[in-house]
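Heads up: the structure comes next, in structure tokens.
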Amino acid sequence: MIKKVASLLFYRWFLALMLLVILVIEMYMLLSVDGLLALHFLDVGQGDSCLIKTPGNKLVLVDAGEDESVLRELGETIPFWRNRVDMLVGTHADSDHIKGFVYVLENFDVGMVLINDLSVFDTSLDRIKEIAESNEIPIMEIEQGDNINIGELSIDVLWPPSEELDIFDDNQKSIVIQGEYSKFSFLLTGDIEIEQEERLISEKHINKVNILKLSHHGSRTATSSIFLDEIGPDAAIISCGLDNKFSHPNLEVIQALESKGITYYRTDQHGRISFKTDGIRYKKIVEK
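Under my numbering, think of the first position of the sequence shown as 9, with each following residue one higher.
Right, dumping it as structure tokens:
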């Protein structure tokens, strides 16, 4: 009899505890819809990855680096109980941009996958397609002119145009997206080169932005002086690995940023770099 009473009391206490945990989680999730847009430029070594949290608390991951370090970064950026990423955007099929998606797809519930060219032969892309198809996750191409609205966040696809998908060089057909939330804007440029920058300028696809993610890890193949003048960013992000073999970022690119008074942050020196904004004002949070 005593054992039955003790067992019943334990069950009731356990049930009460579980209900309390659920209540706390639901309250946290309710409060986390804070109306703020957050950009987290993740430290994934010699690669690219940007996690976007929309004002309505949706998660968009643009690129994911080359290895499992993206899981560590996501684990330190989003609540431990949240296992859904609403959208993955692969700018192009280079392993230092999309291979990390394999680990994300294996560990998170993913809403959809967007990429520039599904016909590219690449082992990482093949694995991504395989996982997506086996889990009935929509996977599709996007191109210049497409618009993605996620609540109050508007994302315009500025590159590539459909006729550029036949280009052999994956970098040159990288997805370029410009996001806008009220008066705040950002530009993510994949690995495009100066030729694509010139096209974006001449065809009047780009506007002034607050935050620029430099193309190709700060390589000299991109980020011309004219391009910087055209978009006039407040701050620039360089995603690169410490002491990388490519000597990224290029010294001339750094000098161009400094000569124009553009504040820049490097993931190899600053770790994860975050910006939070209400659409008007914004603040930065630097890990190191």
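For each residue, glycine too, the CB sits at the ideal point set by N, CA and C.
Fair warning: this is a prediction, and the values are worked out from it, not measured in the lab.
Could you check whether residue j and residue i sit closer than 8 angstroms to each other, using their CB atoms as the reference points?
i           : j           : result
residue 81  : residue 104 : no
residue 99  : residue 59  : no
residue 183 : residue 118 : no
residue 243 : residue 271 : yes
residue 49  : residue 245 : yes
residue 56  : residue 247 : yes
residue 241 : residue 261 : no
residue 165 : residue 152 : yes
residue 126 : residue 149 : yes
residue 223 : residue 198 : yes
residue 221 : residue 259 : no
residue 66  : residue 158 : yes
residue 71  : residue 279 : no
Could you tell me the alpha carbon to alpha carbon distance between residue i and residue j, rounded to whole angstroms?
i           : j           : result
residue 146 : residue 42  : 28 angstroms
residue 281 : residue 275 : 7 angstroms
residue 214 : residue 288 : 20 angstroms
residue 130 : residue 107 : 10 angstroms
residue 283 : residue 295 : 12 angstroms
residue 109 : residue 273 : 24 angstroms
residue 160 : residue 154 : 16 angstroms
residue 53  : residue 249 : 4 angstroms
residue 185 : residue 291 : 21 angstroms
residue 87  : residue 95  : 17 angstroms
residue 136 : residue 172 : 23 angstroms
residue 256 : residue 174 : 28 angstroms
residue 211 : residue 192 : 22 angstroms
residue 204 : residue 268 : 22 angstroms
residue 189 : residue 89  : 27 angstroms
residue 265 : residue 141 : 43 angstroms
residue 47  : residue 64  : 14 angstroms
residue 37  : residue 120 : Residue placement at residue 37 is poorly supported in this model, since its pLDDT is 49, which falls under 50; the coordinates still yield a value, given next. Distance between the alpha carbons of residue 37 and residue 120: 22 angstroms.
residue 293 : residue 83  : 17 angstroms
residue 4   : residue 114 : No answer is possible for residue 4: the residues shown for the chain start at 9 and end at 296.
Going by C-alpha distance, which of the options is nearest residue i?
i           : options            : result
residue 226 : 282, 190, 77, 202  : 202
residue 156 : 52, 62, 258, 44    : 62
residue 77  : 47, 112, 90, 68    : 112
residue 206 : 232, 190, 263      : 232
residue 300 : 175, 144, 252, 208 : In the structure displayed, the chain extends from 9 to 296; residue 300 sits before or after that span and is not available.
residue 143 : 116, 169, 124      : 116
residue 170 : 269, 124, 47       : 124
residue 228 : 263, 212, 209      : 263
residue 209 : 190, 189, 237      : 237
I believe residue i touches residue j by the beta-carbon criterion, under 8 angstroms. Please report the beta-carbon distance rounded to the nearest angstrom.
i           : j           : result
residue 194 : residue 219 : 4 angstroms
residue 79  : residue 285 : Not confirmed; about 26 angstroms, so no contact.
residue 69  : residue 93  : 5 angstroms
residue 200 : residue 167 : 6 angstroms
residue 178 : residue 128 : 7 angstroms
Comparing the C-beta of residue i with each C-beta of chain C, is any distance below 8 angstroms?
i           : result
residue 126 : You won't find chain C in this structure, because it holds only one protein chain.
Quick check: is any heavy atom of the ligand ZN less than 7 angstroms from the C-beta of residue i?
i           : result
residue 137 : Absent from the structure shown: the ligand ZN. Ligands present: none.
Within the stretch 110-195, ranges of the alpha helix (DSSP H) (whole runs, at least 4 residues) | The alpha helix (DSSP H) runs of length 4 or more contained entirely in the stretch 110-195 are, from start to end of the chain, 131-142.
Length-filtered (4 minimum) alpha helix (DSSP H) runs lying within the stretch 186-263 | 202-210, 233-239, all fully within the stretch 186-263.
Which full runs of the beta strand (DSSP E) of 3+ residues lie inside the stretch 79-105, going along the chain?
-> Runs of the beta strand (DSSP E) inside the stretch 79-105: 95-98.
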